[in-house]
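Under our numbering, think of the first position of the sequence shown as 46, with each following residue one higher.
Beta carbons: idealized from backbone N, C-alpha and C, even for Gly.
See structure below.
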Amino acid sequence: MKTMVKQLMLGLLILTLYACRVTMGKKTNVLSQSQQNTSVTGQQVAKEKENPAPTAHKRPRHAPFKSSLPNTGSSELVYRSPQYFLYKADSLQIASARDNYFKNLDTIIAQLSVTPDSKSNPAVNTDQWYAAIDFNIRRPNFVILHHTAQDNVAQTLFTFSVPRPGRESSAHYVIGKDGKVFQMLNDYVRSWHAGASKWGSITDMNSCSLGVEIDNNGKDEAFTDVQINALIILLSYLKEQYKIPQANFIAHSDITPGRKEDPGLLFPWKKLADAGFGYWYDSNNLKEPHPDFNATWALRLIGYDVSDPSKAIQAFKLHYLQKANTYSLTDYDKKVLYNVALKCM
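Written out as structure tokens, the structure is:
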């Protein structure tokens, strides 16, 4: 009897163990599994280092714009006063201008990111794109000086912040009468400051120049010393940073003969030339022109558009003789022209 009971209990034990084996999951070695996962992860990391996944362009984060007139309402300000324009400019920067700046920047990045192919350029007749590896962004090679022709620097900051479809304009820098220098655009982007213009053989000055606006009404207002000193510091940086030749610091009026007159009759060009920005002449030691001296040739050599010689003369005299609306050259004017042209040879 006892033997039968033992056999029965043994059978039940065997059945129980069998059932457990069927229903329980297979045991795993936790340590070996961890090592296996580590091995796989290491392989994945190695592969990612060799072939990193493409990442979307991430724009650097910038601090939000802080108004110069916090806790101020427009009703508290005198209409068209400097504070009024500054309040308006600050409001536009907060509401839309900063966003529009980065939208335009994203458009430029997208344009630069287009892969060269026959779809975008019908002149390309090969399917394979071979990427050249030596390149960088184009740099500015001229600086064009303007006066703002507005009442105060705040009005100019407002003007460059407000959308004006069909009348768009901008500048890279604005310099106030107190010497404050505002940078409004990255130096590498194309500002709309030169308009229809020409210098030498260049017919698109916007694409190769930086625009600097100097706060001045353009009438009978003198430029302040602190303002010009701030300008010279800025030009020194730009000249060194982009290796801009001395001859390539010029006036808006130089590149738009007969159309523009800025920075105007009172601008201290000699002081800038003495500091290494643009050319001037020694009024006490002027060389006599050759008997066969050709004024039109000399103007062209300097860079002026001579398609209308009288307008080219006007632009030259505005800059170098600081006379307005004169379209002919005296003997002294020809001496000055000859001596300036010699510096450009």
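Would the region 299–318 count as touching the region 153–168 if we require 3 or more Cβ pairs under 8 Å?
The way I'd put it, the region 299–318 doesn't touch the region 153–168; fewer than three beta-carbon pairs between them come closer than 8 Å.
Sort out for me which residues DSSP pairs I295 with in a bridge.
Answer is I189.
Tell me whether S236 sits in a helix, a strand or coil according to DSSP, three-state version.
coil
Specify the secondary structure class of F130 as computed by DSSP and reduced to three states.
helix
What number of angstroms, rounded off, separates the C-alpha of E266 from the C-alpha of E258?
Answer to the nearest angstrom: the Cα atoms are 15 Å apart.
Taking the alpha-carbon positions, what's the Y365 to V351 distance?
17 Å
Three-state secondary structure (DSSP) of V385:
Looking at V385 - three-state DSSP - the assignment turns out to be helix.
Residues in the same chain with beta-carbon distance under 8 Å from D353, minus the five sequence neighbours each way, listed in chain order, please.
P302, G303
Name the DSSP beta bridge partners of Y218, please?
Q228, V257
Short of 7 Å in beta carbon distance, which residues of its chain neighbour V385, apart from the five on each side in sequence? Order them along the chain.
Y324, Y326, I347, Y365
Three-state secondary structure (DSSP) at W325?
Here DSSP, grouped into helix, strand and coil, assigns W325 to coil.
Quick check: the region 218–230 against the region 273–290, are at least 3 beta-carbon pairs closer than 8 Å?
yes
Pick out whichever of Q228, R184, S126, S141 has its Cα sitting closest to the Cα of Y287.
Cα-wise, what sits closest to Y287 is R184.
Take S206 and list the residues in its own chain whose beta-carbon comes closer than 7 Å to its own, dropping the five residues that flank it on each side.
Within the same chain, Cβ atoms closer than 7 Å to the Cβ of S206 are found at A134, L137, Q138, A142, the five residues on either side in sequence being excluded.
Mind the definition here: the region 177–191 touches the region 247–254 only if three or more C-beta pairs lie below 8 Å; say whether that holds.
yes
Confirm, please, whether the CB-CB distance from C389 to A318 is below 8 Å.
The Cβ atoms of A318 and C389 lie no closer than 8 Å to each other.
Pairwise C-alpha distance: A360 and S328:
19 Å
Give the straight-line distance between the Cα atoms of A140 and G118, rounded to the nearest whole angstrom.
15 Å
Same chain, Cβ closer than 7 Å to Q367, neighbours up to 5 away in sequence not counted
L310
Based on the DSSP secondary-structure assignment, which residues constitute the bridge partners of I247?
W244
First and last residue of the alpha helix (DSSP H) that includes W342?
340–347
Would you give the residue range spanned by the alpha helix (DSSP H) that H364 belongs to?
354–365
Kindly give me the distance between the Cβ atoms of L280 and A343, rounded to whole angstroms, as I take these residues to be in contact under 8 Å.
Contact doesn't hold; Cβ gap of about 26 Å is too wide.
With a cut-off of 8 Å on the beta carbons, I'd call D232 and V271 a contact; round off their distance for me.
So it is not a contact: roughly 23 Å between Cβ atoms.
Going along the chain, which residues of its own chain have a beta-carbon closer than 6 Å to the beta-carbon of S214, five neighbours each way excluded?
W237
Between the Cα of Y349 and those of V226, K362, F268, spot the shortest distance and give me the residue it belongs to.
K362
Please state whether DSSP places S113 in a helix, a strand or coil.
coil
Please say whether Q228 and F130 have beta carbons closer to each other than 8 Å?
no
Using 10 angstroms around the beta-carbon of G240, count the other beta-carbons present and answer buried if the total reaches 16, otherwise exposed.
exposed
I'd like to check one pair, F268 with F312: are the Cβ atoms closer than 8 Å?
Contact: yes.
Nearest-angstrom Cα separation, counted from N330 out to I182
43 Å
For a quick check, are the C-beta atoms of A194 and G256 less than 8 Å apart?
At a Cβ-Cβ threshold of 8 Å, A194 and G256 do not count as neighbours.
Mapping the DSSP letters down to three states, classify N197 as helix, strand or coil.
coil
Whole angstroms is fine: what's the gap from D196's alpha carbon to P336's?
48 Å
Taking only the alpha-carbon atoms, compute the straight-line gap between W174 and N116 and give it to the nearest angstrom.
57 Å
Heavy atom of the ligand COA less than 7 Å from the Cβ of K316, yes or no?
This structure does not include the ligand COA; it has no bound ligands of any sort.
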